[in-house]
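Residue numbers (our numbering): -3 to 316.
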Amino acid sequence: MITVKELSEKLLKEKRVALFCHARPDGDAIGSACALKLALNGKGIDTVVFCSDAVPQKFLFLNETHNILKDYSGDFSDFSALVAIDNAELTRLGDFTEAFSRHKNTYSIDHHISNTRYAKVNFVADRSSNAENVFAILTEIDAEITVEIANLLAMGIMTDTGGFRHKNVNSATFYDAAKLVEFGADMNTIYYNTFTRQSKERALLFGKTMSKIRYFKGGKIAIASIRMRDFSETKALQEETEGFIDFVMGIDSVEIGACIMETDSNKFKISLRSKGADVNAVAAIFGGGGHKLASGCKITGEYEEAVDKLVFAMSKYISD
Ligand SMILES: [Mn+2]
């Protein structure tokens, strides 16, 4: 793999850079992309951030997130490099997948072990968040870490670690977070906006969903389901289900948890978590992926069939 130094030297030679967050962007994709953009701008490199989905409301408290573009009229040949951020596979770039695959100079800067190395230059380092990878790059290029950049990177770390609670947290996570606090990151405000704050509609959907969790294998497997009608009844948005799975994993008997969200009629997006079992392998059965303890996939078909298939796959990975 290319080193941080080699990657940084290459990036600094670019004339104009387009950064891409993955579709349905999270705080890490947004935070690490926007931070890299500001730093490259500071080095005189014209940089723009794109994402094929809108930035979720809860991240908009950081001003730079307002500059993320959803559309582009050109074919990106006017950019010297296209860089995918926090993006494990090409198709997660959504509407920009085609343009990315056609461009002759592409990079992937990511922390997912499942990254398929789809770019010409792939920098994949297994840190707890991609924001830490970007922080390492910014340190390498001696970028000025403004308060805004510190907040964006801290948001990436905070959201990908579930507020420093997930198993991916290690001492390096805290070292980076501590440095970002020294650069002015406001952890309290970031935590409130990304985790605590919610709409009335989300609170209603949360209660509804948790009141009907289904258990299998003596409670070792738990499945929370959100159907289309749950969204229409509560008026909550799909993006507001983030964090639901974390609540499920708090149940003491549960070894593997899943949140099944019906995104369209008979189309399900599955979030998987575990306390030790390999849910990356479970997701892979359905063509998905992610990390060992947190991954995701999609299943199409009748709801009960989807649950059956999922429980069958998960059962192979729980203890006897
Ligand atoms: Mn990430």
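Positions of the beta carbon are idealized from the N, C-alpha and C atoms, including for glycine.
- In this structure the region 207 to 220 does not lie against the region 164 to 172, because fewer than three pairs of beta carbons, one per stretch, are closer than 8 Å.
- Rounded to the nearest angstrom, the Cβ distance from Ala84 to Asn101 is 20 Å, too far for a contact under 8 Å.
- At least one heavy atom of ligand 1 falls within 7 Å of the beta-carbon of His107.
- Judged by the Cβ position, Asp24 qualifies as a neighbour of ligand 1 at the 7 Å threshold, a heavy atom of the ligand being closer than this.
- Ile186 sits in a helix when the DSSP states are folded into three classes.
- Around the Cβ of Leu65, a 10 Å sphere holds fewer than 16 other Cβ atoms; the residue is exposed.
- In the displayed model, Asn118 falls within a strand according to three-state DSSP.
- By a beta-carbon distance limit of 8 Å, Tyr103 does not contact Val120. Their separation comes to about 11 Å.
- Residue burial annotation: His287 is buried, with at least 16 other C-beta atoms found within 10 angstroms of its C-beta.
- Taking Thr61 as reference, the option from Asp74, Thr155, Tyr68, Cys47 with the minimal CA-CA separation is Cys47.
- Checking the 7 Å criterion, the Cβ of Asp242 is out of range of every heavy atom belonging to ligand 1.
- Between the alpha carbons of Met(-3) and Leu3 lies a gap of roughly 10 Å.
- Excluding five sequence positions before and after Phe92, the CB atoms of its chain that fall closer than 7 Å to its own CB belong to Phe16, Phe46, Ser48, given in chain order.
- DSSP, reduced to helix, strand and coil, places Ile247 outside both helices and strands of the structure shown, so it counts as coil.
- Nearest Cα to Glu298 within the set Ala29, Met183, Met224, Ala95: Met224.
- Annotation: Tyr313 to Arg161 spans about 23 Å, alpha carbon to alpha carbon.
- In this structure Lys9 is exposed. Its beta-carbon is surrounded by fewer than 16 other beta-carbon atoms within 10 angstroms.
- At least one heavy atom of ligand 1 lies closer than 7 Å to the C-beta of Asp156.
- For Gly27, the enclosing alpha helix (DSSP H) begins and ends at 23 to 38.
- In the structure shown, the three-state DSSP call for Glu144 is helix.
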